[in-house]
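In the UniProt record's numbering, the protein residues as written are 1 to 686. By construction, the Cβ of each residue, glycine as well, lies at the ideal position given by its N, Cα and C atoms. First comes the structure, then the notes that go with it.
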């Protein structure tokens, strides 16, 4: 395997083609990543499988919980055609599989990803058992093993759906991927510990779902999905910004019925489609239109959300649409509404939040949402146990979401043991003016309760630019650091850790690929194959990457960015694809060639990339620390260096950095190359 078990755009494209060619009815995909936004070329192909070819597709929600907004891709697909599945552990599983000494009520696993999606959709449709003692490969020298993950709960639901489809085909009852999803959601079981973000609509109930499908075979919405769109194609209403909490928000939500394989659908059915719907919401803080008459066109629904009277924390509801001719079958679609109201942390509280006597129970999340003060750049959490006898296995997941960046960009995850009456501290980065979730929980299988106290204190050393670049020829580089919240000690340190070689392609060829890379209806896929060459003056560790594409996978407009690294004897050394930090190799002195493969069915899109640069990052044997001074004069003469300085609130401290001396430049550094590294400002971090 070139890149172990990692999924690639190439593999997904070929899988889609094979699914269509073989006429599969039900498929499962337990792979997934965290995209920066919803949509992209791979998403378009998965959409085609479901919407045009009628395949029912289950996808795992991911194992990135317990914080909210951690559901992965593909469940974040913008059309909502896929069925996202969370992981649940039942009381029986606790006893039989995990050999626990006590049986607890069923609950979602701590690590199971939670919704909502970044576009407001719920993300998790249903949940299912996410663990089993199952067969494993012979190379492990064991016949079976206890495994868990949403990668197991998702195929569980795929098996349930296969039963449904098999029964429907035997009885010659028509269905669509949308009617299957609607059936399992409307008949799912809400267990005692049910909550929507991790469990969706609840546990799948095969028998009830089958009865639902049989009873509603003539339902007008059987072959219809409802595309919900609000505020730049968001699939739900999600209000989390602190400045939006004090006033009502008026939302216009577009609902458009989309038929399965609509391009080939009978015109008469499209013309005759009409459904009168009653809109219902049980939350008093949401008001909306009461009736909606739908036909084969988009219609608007007016929704007003007033978060001003809500308590701090997360609030979820949905505007549900019921067919007035058959209310008993449940909603035909839902418009999810989520409000996350953070606590205000200000100068009056010392930019600190304190929680006392917090009881943590196994698998039950304690979530606090805090409005990050303006000027804050990091926070320190201090946690102390009140228990005098037992230790506790705790999970801390702090997460802040920013537009067009995945949940992984601003998060801290810590799993740790808290000893009796012990105190621990954890520091993590924050972004000002956002809403920070701090999720604290006892691990689901760690029996017993624990009472803790904690406080979260915000600090803020903020430079006038989050990143900076400097050229040796420009001499001294100056920037400023401000302390906006409290008096803090500043001791800047600039450290260069990578040598980046920028490559231009020596060759770029576009050609059609082979027969297994032909999409249905004879649509060929083309590749642009790039060739890059570089030399190393000494052994080093390298990380190749294509900066234009490498941080994207599902959301990319191209299908692949597979690269292969060869030595001077044309021997393949290593390969990589999306997310370059996962791929590195230790190379000897010598000459090397990189082959990069980018593919798409539209040649003009590949032609646009013909001069695309490529980076090879060399890890320096030892970091190069640049000299930092407190004045321009001292920087010019190489005099007294910067010493720890206390910056009082509102004060601005100038910092001067001199270029890297020529004698410290790494061997092989040439014009066009550059050095990259980090800059720390807080004395504790230095």
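The DSSP assignment places 267-272 as complete runs of the alpha helix (DSSP H) inside the UniProt domain "Tripeptidyl-peptidase II first Ig-like" (224-340), in order along the chain (cut-off: 4 residues). When only Cα atoms are considered, residue 48 and residue 678 end up about 43 angstroms apart.
Here the alpha carbon of residue 315 sits roughly 36 angstroms from the alpha carbon of residue 550. Each residue's CA atom was taken as its position, placing residue 18 and residue 561 some 21 angstroms apart. Between residue 409 and residue 71, the alpha-carbon positions lie close to 14 angstroms from each other.
Judged by DSSP in its simplified three-state form, residue 20 adopts helix. If the five residues before and after residue 507 are omitted, its C-beta is found closer than 6 angstroms to the C-beta atoms of 531, all from its own chain and listed in chain order. Residue 196 and residue 439 do not touch by the CB rule: their CB atoms are close to 16 angstroms apart, not below 8 angstroms. Between residue 544 and residue 563, the gap from beta carbon to beta carbon is short of 9 angstroms.
Residue 180 and residue 174 have their C-alpha atoms spaced approximately 11 angstroms apart. In this structure, residue 106 lies away from residue 206, with their beta-carbon atoms at least 9 angstroms apart. One Cα belongs to residue 100, the other to residue 128, and the distance between them is close to 20 angstroms.
By the Cβ-count criterion, residue 187 is buried, with 16 or more other Cβ atoms from all chains shown falling within 10 Å of its own Cβ. Note on geometry: alpha-carbon atoms of residue 24 and residue 75 lie some 20 angstroms from one another. Distance from the CA of residue 202 to the CA of residue 322, rounded to the nearest whole angstrom, comes to 19 angstroms. In terms of CA proximity to residue 609, 505 leads the group 616, 626, 132 and 505.
The shortest C-alpha to C-alpha distance from residue 668 to any of 591, 388, 290 and 474 is the one to 591. Contact between the region 586-600 and the region 620-628 is absent: fewer than three C-beta pairs spanning the two stretches fall below 8 angstroms.
Cβ-Cβ distances below 7 angstroms link residue 285 to 305, 306, 307, 309 and 310 in the same chain, with the five nearest sequence neighbours on each side left out; the list follows chain order. Under the 8 angstroms Cβ criterion, the region 368-385 counts as touching the region 442-461, having at least three qualifying pairs. Comparing alpha-carbon positions, the option among 574, 433, 412 and 666 lying closest to residue 426 turns out to be 412. Residues 479 and 480 of the same chain have their beta carbon placed closer than 7 angstroms to that of residue 464, with the five preceding and five following residues left out of the count. Counting along the chain, residue 478 sits inside the beta strand (DSSP E) bounded by residues 477-483. The Cβ-Cβ distance between residue 555 and residue 73 falls below 9 angstroms.
Around the beta carbon of residue 357, a 10 Å sphere encloses fewer than 16 other beta carbons of the protein chains shown; the residue is thus reported as exposed. Cβ atoms of residue 460 and residue 369 stay farther apart than 8 angstroms, at about 19 angstroms.
Under the three-state reduction of DSSP output, residue 455 falls in the strand class. For the region 484-565, the continuous beta strand (DSSP E) assignments of 3+ residues that do not extend past its boundaries occur at 488-503, 507-512, 526-536 and 540-545, in sequence order. About 6 angstroms separates the beta carbons of residue 542 and residue 587, which is inside the 8 angstroms limit, making them a contact pair. CA-CA distance, residue 673 to residue 468, rounds to 16 angstroms.
Rounded to the nearest whole angstrom, the CA to CA distance from residue 131 to residue 89 is 7 angstroms. Taking residue 77 as the centre and dropping the five residues before and after it, the same chain places the C-beta of 43 closer than 6 angstroms to its C-beta, in chain order. Going by C-alpha positions, residue 653 is about 40 angstroms away from residue 578.
Here residue 587 is bridged, per DSSP, to 540.
Assigned with DSSP and collapsed to three states, residue 450 falls in strand. Taking C-beta atoms under 8 angstroms as the contact rule, residue 112 and residue 87 qualify, at a distance of about 4 angstroms.
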